[in-house]
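Visitor: If you read the sequence shown in the working numbering, its first letter stands for residue 1, the second for the next number, and so on.
What follows is a single structure, and I will ask about it in a moment.
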Amino acid sequence: MPINKFAYICSPVCIVMKIKDLKFKKYIKEASILEKIAELAEQINKDYKGKDPIFLPILNGSFLFAADLMREIKIPCRVSFVKIASYEGTSSTGTLKTLIGMQESIFNKDLIIIEDIIDTGTTIEQVVNEMKERGAKTVEVVSLLRKEKAKEKNIIPKYLCFDIPDAFVLGYGLDYDGYGRNLRDIYQVAE
Ligand code: 5GP
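This is the structure:
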């Protein structure tokens with residue numbers, strides 16, 4: 001990869017970095033993320049005791065979050081990774097999204113969708129509705145991040161790590177044009 005595409009400006013602590021045309025500053029440290037995940041997992045372990053939930057991490061953005069969360073889940077459960085395919089609708093509803101990769105029946109199951117970030121909330125609303133239409137018994141959402149816009153629209157995931165402002169973020173699974181998913185911390189656009 002060309003060096004100017006991805007450069008640590010304040011190496012080695014990596015407080016600010018440049019990815020392609022944008023600068024990002026460190027925003028949420030890995031330790032804070034893991035602490036919050038442990039809290040949420042404890043709550044999920046309590047809420048789903050005696051149930052047999054299926055976790056549905058939505059790829060690609062949630063892969064690190066899902067991995068860390070699932071290591072803290074102590075109850076019997078299954079994990080099924082899914083991906084969202086977007087296509088342009090022919091009606092005025094605009095871009096429609098559907099889930100691909102679901103291997104098993106979710107009929108009458110307790111589902112927990114694992115999402116990386118809720119921005120406008122459109123994606124998660126569509127996924128939740130699709131799961132309900134497919135006959136899930138219950139559908140809840142655990143999200144790493146929620147932006148201001150979704151908060152204002154009163155989109156409330158049952159389990160949430162952090163509320164953040166409407167600025168672009170990357171790292172810890174989230175990307176900018178494919179880059180940055182491998183970063184351990186979350187970074188926010190600096191300009
Ligand atoms: P929504 O449908 O809620 O508007 O958008 C959710 C999706 O948009 C997320 O799953 C994610 O893929 C993408 N997204 C929204 N905001 C950000 C952001 O700040 N950073 C990154 N990397 N992706 C985002």
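Don't be surprised by glycine CBs; every beta carbon is placed ideally from N, CA and C.
Once the 5 residues before and after residue 148 are set aside, which same chain residues still bring their CB inside 6 angstroms of it?
Guide: 165, 166
Visitor: Could you pull out every residue in the same chain whose Cβ sits closer than 7 angstroms to the Cβ of residue 80, ignoring the five residues on either side in sequence?
Guide: So the qualifying residues of the chain are 54, 56, 102, 103, 104.
Visitor: Would residue 72 and residue 31 be called neighbours here (beta carbons separated by less than 9 angstroms)?
Guide: no
Visitor: Would you kindly work out how many angstroms separate the C-alpha atoms of residue 37 and residue 64, rounded to a whole number?
Guide: Distance between the alpha carbons of residue 37 and residue 64 is about 11 angstroms.
Visitor: For the alpha helix (DSSP H) that contains residue 64, what are its first and last residues?
Guide: 63 to 72
Visitor: My output table needs one value for residue 37: the three-state DSSP class, helix, strand or coil.
Guide: DSSP places residue 37 in helix when its eight states are reduced to three.
Visitor: Figure out for me which residue from 112, 27, 159 has the closest Cα to the Cα of residue 272.
Guide: A question about residue 272 goes unanswered here, because the residues of the chain that appear run from 1 up to 191.
Visitor: If you measure between the beta carbons of residue 121 and residue 150, is that distance less than 9 angstroms?
Guide: yes
Visitor: Using the Cα positions of residue 132 and residue 138, report the straight-line distance between them to the nearest angstrom.
Guide: 8 angstroms
Visitor: Assuming residue 114 contacts residue 142 (C-beta within less than 8 angstroms), just tell me the rounded distance between them.
Guide: 5 angstroms
Visitor: Span of the beta strand (DSSP E) holding residue 195?
Guide: Here the chain covers residues 1 to 191 and nothing more, so residue 195 does not appear.
Visitor: Relative to the ligand 5GP, is the shortest distance from any of its heavy atoms to the C-beta of residue 19 smaller than 8 angstroms?
Guide: Because no heavy atom of the ligand 5GP lies under 8 angstroms away, the Cβ of residue 19 does not count as near it: no.
Visitor: Out of curiosity, what's the CA-to-CA distance linking residue 194 and residue 189?
Guide: No statement about residue 194 is possible, as the shown extent of the chain runs from 1 to 191 and does not include it.
Visitor: Against chain B, with Cβ distances strictly below 9 angstroms, would residue 184 count as a contact?
Guide: Included in the structure is just one protein chain, with no chain B present.
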